[in-house]
Amino acid sequence: MSFNSQGIKIGRDALFDYLRSESMLIKPKKNYTKTTNSKHWLRKYPNLIKDAKAEKPEQYFVSDITYVKSREQTHYLSLVTDAFSRKIMGYHLSDDMSAENVVKALTMAIKNRITSGPMIHHSDRGLQYCSTIYQNKLVEQEIKASMTDGYDCYQNALAERINGILKHEFLIYKCNTGKELEKLVEQSINVYNNLRPHLSLNMKTPNFIHNKKPEKLISLV
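Under the UniProt record's numbering, the first residue of the sequence shown carries the number 1, and numbering increases by one thereafter.
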């Protein structure tokens with residue numbers, strides 16, 4: 001059930017202002033775990049989408065890694081998101097940030113594509129994204145690599161925003177084990193893709209927008 005389906009029209013900011021005034025917001029914890037190591041000798045790529053806006057699904061993918069804790073340990077969630085539809089195309093939860101694990105999210109995203117042909121993959125300059133195994137996967141699929149300039153986190157803002165939505169709206173309960181967390185991540189991404197409307201998508205869901213024919217998208221977003 002959504003506000004829109006009940007005839008209630010309210011923007012994201014207005015909703016959060018109301019929840020804040022009623023002390024109904026859950027305050028995120030301030031602890032920090034580093035997920036980006038850009039001090040390495042591997043080749044870094046220029047930002048190909050600076051000031052650009054996606055005009056259709058599967059034009060740009062944006063990727064990032066975030067941490068999620070269970071009572072066992074800290075886990076790392078790799079996400080690949082479509083920049084136009086906001087759909088999470090691929091993900092992988094692992095106990096470390098190795099390139100071998102991070103590339104599994106990319107592999108899933110590629111498998112879930114509904115179009116073919118060249119596109120752009122955008123990320124930060126982290127070691128995993130610059131690695132041979134990750135770059136080889138991009139080249140194999142005719143996907144151009146694009147990366148942020150230096151340490152400007154705003155150049156990968158969409159990917160980081162999706163991280164925040166998942167962590168602060170869905171993954172708010174600490175699971176006992178990694179297996180429990182894995183199941184929660186799967187369920188959360190399914191709800192995010194199929195049930196959560198986005199103001200930026202004219203209150204449509206990511207999956208709805210992603211699967212629409214191109215000629216019908218202009219009137220929807």
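Idealized CB from N, CA, C, for every residue including glycine. Since this is a predicted model, take the numbers as computed values, not measurements.
query                                                                                                                                              : result
Terminal residues of the continuous beta strand (DSSP E) containing F61?                                                                           : Y60 to K69
Using three-state DSSP, classify G90 as helix, strand or coil.                                                                                     : strand
On the criterion of 16 or more Cβ atoms from any shown chain inside 10 Å, does G117 qualify as buried, or is it exposed?                           : exposed
DSSP three-state label for L42, please.                                                                                                            : coil
So, at 8 Å on beta carbons, what are the nonlocal neighbours of Y91 in its own chain, with the 5 sequence-adjacent residues on each side left out? : L77, S78, L79, V80, A105, M108, V185 and I189
Exposed or buried, what is A83 when buried is set at 16 or more other beta-carbons lying within 10 Å of its beta-carbon?                           : buried
Within a Cβ cutoff of 6 Å, which residues of the same chain sit near V62, ignoring the five residues on either side of it in sequence?             : T81, A83, H122, L158 and A159
Does the Cβ-Cβ distance between V102 and I65 come in under 9 Å?                                                                                    : yes
How would you write the range of the beta strand (DSSP E) that H122 sits in, first residue to last?                                                : M119 to S123
Give me the residue from H168, S85, K53 and P57 with the minimum Cα distance to N194.                                                              : S85
Can you tell me whether DSSP reads K204 as helix, strand or coil?                                                                                  : strand
When the Cα of V191 is compared with those of Y154, E169, K179 and H75, which residue comes out closest?                                           : E169
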